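Participant: Residue numbers (our numbering): 1 to 605.
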Amino acid sequence: MRLGAQYLGNGQCEFILWAPTAATVSLQLLAPNQQQIAMEQQESGYWGVVVSDVQPGTLYQYQLNDGETRPDPASNLQPQGVHGPSQVVDPQFNWSDRNWSGVPLEAMILYELHVGTFTREGTFEAAISRLPDLKDLGINAIEIMPVAQFPGDRNWGYDGVYPFAVQDSYGGPEGLKKLVDACHQQGLAVVLDVVYNHFGPEGNYLSHFGPYFTNTYRTPWGSAINFDDAYSPGVRNYFIENTLYWLRDYHIDALRLDAVHAIYDLGAKHFLQELGENVATLSEQVGRELYLIAESDLNDPRVIRSVEQGGYGLDAQWSDDFHHALHALVSSDRQGYYQDYGECEQLAKAYSDTFVYDWKYSPHRHRFHGNVVTDRPCSQFVICSQNHDQIGNRMLGERLSHMIPYEAAKLTAAAVLLSPYIPLLFMGEEYDEPAPFVYFVSHSDPDLIKAVREGRKQEFAAFHCEGEPDDPEAPETFNKCKLNWEKRHEGKNKTMLDWYKHLIQLRKTIPALTQLSRDRLSATSAETLVVLRRWSETEQIAILMNFSDQPITSQPEIPTAEWHKILDSADSKWQGSAASASDALASQQSVTLQPWNCVVYQAIA
Numbered sequence: 001m002r003l004g005a006q007y008l009g010n011g012q013c014e015f016i017l018w019a020p021t022a023a024t025v026s027l028q029l030l031a032p033n034q035q036q037i038a039m040e041q042q043e044s045g046y047w048g049v050v051v052s053d054v055q056p057g058t059l060y061q062y063q064l065n066d067g068e069t070r071p072d073p074a075s076n077l078q079p080q081g082v083h084g085p086s087q088v089v090d091p092q093f094n095w096s097d098r099n100w101s102g103v104p105l106e107a108m109i110l111y112e113l114h115v116g117t118f119t120r121e122g123t124f125e126a127a128i129s130r131l132p133d134l135k136d137l138g139i140n141a142i143e144i145m146p147v148a149q150f151p152g153d154r155n156w157g158y159d160g161v162y163p164f165a166v167q168d169s170y171g172g173p174e175g176l177k178k179l180v181d182a183c184h185q186q187g188l189a190v191v192l193d194v195v196y197n198h199f200g201p202e203g204n205y206l207s208h209f210g211p212y213f214t215n216t217y218r219t220p221w222g223s224a225i226n227f228d229d230a231y232s233p234g235v236r237n238y239f240i241e242n243t244l245y246w247l248r249d250y251h252i253d254a255l256r257l258d259a260v261h262a263i264y265d266l267g268a269k270h271f272l273q274e275l276g277e278n279v280a281t282l283s284e285q286v287g288r289e290l291y292l293i294a295e296s297d298l299n300d301p302r303v304i305r306s307v308e309q310g311g312y313g314l315d316a317q318w319s320d321d322f323h324h325a326l327h328a329l330v331s332s333d334r335q336g337y338y339q340d341y342g343e344c345e346q347l348a349k350a351y352s353d354t355f356v357y358d359w360k361y362s363p364h365r366h367r368f369h370g371n372v373v374t375d376r377p378c379s380q381f382v383i384c385s386q387n388h389d390q391i392g393n394r395m396l397g398e399r400l401s402h403m404i405p406y407e408a409a410k411l412t413a414a415a416v417l418l419s420p421y422i423p424l425l426f427m428g429e430e431y432d433e434p435a436p437f438v439y440f441v442s443h444s445d446p447d448l449i450k451a452v453r454e455g456r457k458q459e460f461a462a463f464h465c466e467g468e469p470d471d472p473e474a475p476e477t478f479n480k481c482k483l484n485w486e487k488r489h490e491g492k493n494k495t496m497l498d499w500y501k502h503l504i505q506l507r508k509t510i511p512a513l514t515q516l517s518r519d520r521l522s523a524t525s526a527e528t529l530v531v532l533r534r535w536s537e538t539e540q541i542a543i544l545m546n547f548s549d550q551p552i553t554s555q556p557e558i559p560t561a562e563w564h565k566i567l568d569s570a571d572s573k574w575q576g577s578a579a580s581a582s583d584a585l586a587s588q589q590s591v592t593l594q595p596w597n598c599v600v601y602q603a604i605a
């Protein structure tokens with residue numbers, strides 16, 4: 001069952017609403033002409049009416065039980081913000097991506113961006129001008145942080161309250177379609193971040209229409225969304241339709257599902273399984289692969305195992321363990337969950353087994369955590385050295401490169417981009433962007449503003465952070481997070497950009513690095529050295545990484561072969577101190593690595 005205002009053309013529009021507990025529902029057309037029309041009750045709690053003389057741009061809302069009026073929960077556009085009326089949108093768009101066939105999941109190099117801070121203008125159309133830069137870098141897929149309508153014009157996107165409405169301050173539906181179309185013309189896939197585990201606190205009127213929430217479970221944001229209680233079929237349909245809406249109507253290639261561990265469903269068919277089945281059907285209809293990528297804190301292989309194996313059948317999931325293991329090695333950060341990490345053998349395990357905690361005891365959690373996932377291919381996991389959460393939830397919002405030496409920043413880039421997993425970069429990291437990325441919002445409720453400010457202070461106080469966090473409501477907090485694109489052409493920033501470009505080129509052109517096979521990799525560690533080996537039918541690659549601020553001399557565990565150095569982060573070309581690793585390396589031969597050094601050797605079969 002499709003939802004919202006479906007413009008049919010020729011001045012006709014069908015309005016469909018799910019309000020199972022309402023006695024009466026009226027459609028109120030507000031502009032350009034005012035009119036009130038009783039809606040007809042249909043099966044399963046739906047209400048509908050087809051109205052003539054309605055054009056795109058018409059403002060409307062619903063009246064429930066002859067009383068309160070509210071915007072459409074499935075609104076496509078909120079031109080006056082989260083409290084204002086909804087607007088009828090013409091779905092027609094002059095697409096030029098008819099021959100677009102997508103980017104295979106295993107080939108993706110993801111680039112996470114926030115529309116509001118990606119450019120000075122902070123719009124979809126402004127982002128188009130930067131797509132050639134991303135293509136030149138080697139990126140082939142962008143991941144857009146949530147664009148569902150949120151309060152005001154500044155927000156990370158996770159306070160959205162209208163999942164079908166494209167944020168008006170970014171450029172609305174037309175702007176997003178232009179960006180997607182332009183991406184496809186540049187050969188870039190588009191992944192959209194969506195939030196199906198909670199709604200923001202301001203402008204959330206869903207409970208007025210029906211039992212969208214349940215008190216059976218609690219989330220960090222309050223009552224859980226109702227995926228398995230009474231009336232849950234209507235709620236499940238709401239989110240399934242939202243998924244299909246983005247993939248079908250906006251030509252989005254994949255969705256990143258935020259924090260699926262906060263989607264509670266104890267029914268016999270989990271919501272995520274039903275969602276995956278619907279996306280698979282749509283993929284067949286459109287003739288190209290569409291993907292669902294889950295963010296999960298559970299280390300649970302059921303998320304991506306096939307339905308036949310008792311899983312949900314999603315295409316991929318994030319691996320936080322890789323990030324945490326890498327972050328702890330290059331930084332002194334041991335707060336929170338980082339206390340569970342900090343050993344080289346953990347990063348080696350993350351390379352070979354994906355999850356460090358695969359039903360192992362977690363001191364931070366005070367319990368056993370995770371499960372073995374080695375039956376799944378590496379191409380089903382997304383990894384990174386930093387993302388919006390890991391940066392933005394620090395009090396100062398500092399990027400990883402601001403916390404560690406320049407050489408260590410190059411090392412972390414290599415650790416991610418030469419891995420057997422799908423890599424994700426956070427906007428600006430490729431040239432060592434100096435701007436922070438802190439938490440920002442623009443609520444209108446004074447009490448809510450006060451609560452957000454106090455909540456952030458209390459959160460950082462619990463982590464024993466010194467100083468005052470930036471005011472999340474202040475416009476200058478938002479503005480200081482905008483990228484400084486001109487930096488990519490200067491000094492060490494340019495060198496870092498060239499380093500990223502070279503790593504991505506190696507990933508794309510060396511057969512041993514293009515194949516994300518778990519059967520063709522080996523990872524070992526010794527003190528501060530991690531050795532990652534990957535191979536194909538024609539060659540072997542050995543990646544030696546020194547996670548220490550001191551030089552080390554070691555005999556890496558590599559097979560007998562004629563090994564030749566093809567990359568050294570300590571070379572002067574990369575503004576390194578001075579390379580010490582030999583150009584050729586034999587088995588059982590010692591090699592000396594500089595502090596925070598990554599050296600890559602190749603052996604042709």
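From the three backbone atoms N, C-alpha and C, an ideal C-beta is built for every residue, glycine too. Owing to the predicted nature of the structure, the values given are computational and were not obtained by experimental measurement.
1) For the structure I just gave you, are there three or more beta carbon pairs, one from the stretch 524 to 539 and one from the stretch 553 to 565, closer than 8 Å?
2) I'd like to confirm the pairing. Which residues does DSSP put opposite G4 in its beta bridges?
3) Just to confirm, are I633 and L418 a CB contact at a threshold of 7 Å?
4) Would DSSP call Q42 helix, strand or coil?
5) Quick one: measure Cβ to Cβ for I383 and F437, integer angstroms, because I've assumed they're closer than 8 Å.
6) Could you spell out the range, first to last residue, of the beta strand (DSSP E) harbouring P540?
7) State whether the stretch 282 to 295 contacts the stretch 242 to 260, with contact taken as three or more CB pairs (one from each stretch) at a distance under 8 Å.
8) How is Q606 classed by DSSP in three states: helix, strand or coil?
9) By DSSP's criteria, E112 is part of a beta bridge. Which residues make up the other side?
10) Would you mind reading off the limits of the alpha helix (DSSP H) that contains G491?
11) Give me the DSSP bridge partner(s) of W563.
12) With a Cβ-Cβ cutoff of 7 Å, do M584 and D571 count as a contact?
13) List the endpoints of the continuous beta strand (DSSP E) containing V600.
14) Per DSSP, what kind of secondary structure is V207 in: helix, strand or coil?
15) Could you name the residues of the same chain whose beta carbon sits closer than 6 Å to that of Y439, not counting the 5 residues immediately before and after it, in chain order?
16) If you compare alpha carbons, which of E345, D97, H366 is closest to V356?
17) In whole angstroms, give me the CA-to-CA distance for R488 and G313.
18) Under 7 Å between the Cβ atoms of V166 and L176?
19) Between which two residues does the alpha helix (DSSP H) holding P132 run?
20) For F381, is the classification buried or exposed, using 16 other Cβ atoms within 10 angstroms of its Cβ as the cut-off for buried?
21) Return yes when the Cβ of I142 is within less than 7 Å of the Cβ of V190, no when it is not.
22) Relative to the C-alpha of H366, which residue among Y7, D470, Y337, S207 is closest?
23) If you count every other CB in all the chains shown that lies within 10 Å of the CB of R399, and 16 or more means buried, which is it?
24) Inspect the beta-carbon positions of G160 and G187 and report whether they are closer than 7 Å.
25) Using only the alpha-carbon positions, how far apart do Y341 and A413 sit?
26) Does the contact criterion of 3 or more C-beta pairs under 8 Å hold for the stretch 50 to 69 versus the stretch 82 to 91?
27) Between the stretch 32 to 48 and the stretch 115 to 123, can you find at least three pairs of beta-carbon atoms closer than 8 Å?
28) Determine the DSSP secondary structure at A462, reduced to helix, strand or coil.
29) For A31 versus L77, is the C-beta distance shorter than 7 Å?
30) In or out: A451 buried (at least 16 other Cβ within 10 Å) or exposed?
31) According to DSSP, is Y421 part of a helix, a strand, or is it coil?
32) Given a cut-off of 7 Å, decide if D258 and D228 are closer than it, judged by their beta-carbon atoms.
33) Apply the 10 Å Cβ neighbour rule to G611 and answer buried if 16 or more other Cβ atoms are within range, or exposed otherwise.
34) Specify, as a first and last residue, the run of the beta strand (DSSP E) that S525 falls within.
35) Would you kindly report the start and end of the unbroken beta strand (DSSP E) that includes V614?
36) What residues match up with L27 in a beta bridge as DSSP calls it?
Facilitator: In short, the structure shows the following:
1) Yes, the stretch 524 to 539 touches the stretch 553 to 565.
2) Numbered from its first residue, the sequence shown carries residue 4 at position 4. Beta-bridge pairing links G4 to I16.
3) The question about residue 633 has no answer, for the chain in this structure spans 1 to 605.
4) The residue you call residue 42 lines up with position 42 of the sequence shown. DSSP places Q42 in coil when its eight states are reduced to three.
5) For the purposes of this step, residue 383 is identified with residue 383 of the sequence shown, where counting begins at 1. For the purposes of this step, residue 437 is identified with residue 437 of the sequence shown, where counting begins at 1. Rounded to whole angstroms, the Cβ separation of I383 and F437 is 19 Å, and the two are not in contact under 8 Å.
6) The residue you call residue 540 lines up with position 540 of the sequence shown. One point to set straight first is that residue 540 is Gln, not Pro, in the sequence displayed. From DSSP, the beta strand (DSSP E) with Q540 extends over 539 to 546.
7) Remark: three or more beta-carbon pairs, one from each stretch, lie closer than 8 Å, so the stretch 282 to 295 and the stretch 242 to 260 are flagged as touching.
8) Given that the chain is displayed from residue 1 to residue 605, the structure contains no residue 606 and the question cannot be resolved.
9) As a working note, residue 112 is residue 112 in the sequence shown. E112 pairs with E143, F426.
10) Locating residue 491 in the sequence shown gives position 491, where the first residue counts as 1. 491 to 509 is the extent of the alpha helix (DSSP H) around G491.
11) Within the sequence shown, numbered from 1, the residue matching residue 563 stands at position 563. Listed as beta-bridge partners of W563 by DSSP are L585.
12) For the purposes of this step, residue 584 is identified with residue 584 of the sequence shown, where counting begins at 1. For the purposes of this step, residue 571 is identified with residue 571 of the sequence shown, where counting begins at 1. The sequence given here has Ala at residue 584, not Met. Against a cut-off of 7 Å, the Cβ pair of D571 and A584 comes out as no contact.
13) By one-based count along the sequence shown, residue 600 stands at place 600. If you look at V600, you'll find it in the beta strand (DSSP E) that goes 598 to 604.
14) Reading the sequence shown from its first residue, position 207 is the one you call residue 207. Per the sequence shown, the amino acid found at residue 207 is Ser instead of Val. If DSSP states are grouped into helix, strand and coil, S207 belongs with the helices.
15) Sequence index remark: in the sequence shown, residue 439 carries index 439 (1-based). Taken in chain order, the residues that qualify are G392, P472.
16) In the sequence shown, counting from the first residue as 1, residue 356 sits at position 356. With distances taken between Cα atoms, V356 lies closest to E345.
17) Numbered from its first residue, the sequence shown carries residue 488 at position 488. Numbered from its first residue, the sequence shown carries residue 313 at position 313. Each residue's alpha carbon lies about 40 Å from the other.
18) Sequence index remark: in the sequence shown, residue 166 carries index 166 (1-based). Sequence index remark: in the sequence shown, residue 176 carries index 176 (1-based). Yes, they are a contact pair.
19) The residue you call residue 132 lines up with position 132 of the sequence shown. Looking at the DSSP string, the run of the alpha helix (DSSP H) that includes P132 is 131 to 137.
20) The residue you call residue 381 lines up with position 381 of the sequence shown. Classification for F381: buried.
21) Indexing the sequence shown from 1 puts residue 190 at position 190. Indexing the sequence shown from 1 puts residue 142 at position 142. Yes, Cβ-Cβ distance for V190 and I142 is below 7 Å.
22) Residue 366 sits at position 366 when you count from the first residue of the sequence shown. Each of Y7, D470, Y337, S207 was checked against the Cα of H366, and the nearest Cα belongs to Y337.
23) For the purposes of this step, residue 399 is identified with residue 399 of the sequence shown, where counting begins at 1. R399 is buried by the Cβ-count criterion.
24) For the purposes of this step, residue 160 is taken as the residue at position 160 of the sequence shown. For the purposes of this step, residue 187 is taken as the residue at position 187 of the sequence shown. Result no, Cβ atoms of G160 and G187 do not sit closer than 7 Å.
25) Numbered from 1 along the sequence shown, position 341 holds the residue referred to as residue 341. Numbered from 1 along the sequence shown, position 413 holds the residue referred to as residue 413. C-alpha separation (whole angstroms): 19 Å.
26) The answer is yes - the stretch 82 to 91 touches the stretch 50 to 69, with three or more Cβ pairs under 8 Å.
27) Output reads no: the stretch 32 to 48 does not touch the stretch 115 to 123.
28) Taking the first residue of the sequence shown as position 1, residue 462 is located at position 462. Low local confidence applies: a pLDDT of 49 at A462 is under 50, so the model's placement there is unreliable, and no value is given.
29) As a first step, residue 31 must be located in the sequence shown, where it is residue number 31. As a first step, residue 77 must be located in the sequence shown, where it is residue number 77. No, Cβ-Cβ distance for A31 and L77 is not below 7 Å.
30) By 1-based counting over the sequence shown, the position of residue 451 is 451. Under this definition A451 is an exposed residue.
31) Within the sequence shown, the letter at position 421 stands for residue 421. It is coil, neither helix nor strand.
32) By one-based count along the sequence shown, residue 228 stands at place 228. By one-based count along the sequence shown, residue 258 stands at place 258. Contact: no.
33) Nothing about residue 611 can be read from this structure; the chain reaches only from 1 to 605.
34) Mapped onto the sequence shown, residue 525 falls at position 525. Counting along the chain, S525 sits inside the beta strand (DSSP E) bounded by residues 521 to 526.
35) The chain is shown only over 1 to 605; residue 614 falls outside these bounds and no answer can be derived.
36) The count along the sequence shown starts at 1 and reaches residue 27 at position 27. When DSSP reads this structure, L27 sits in a beta bridge with I37, Y62.
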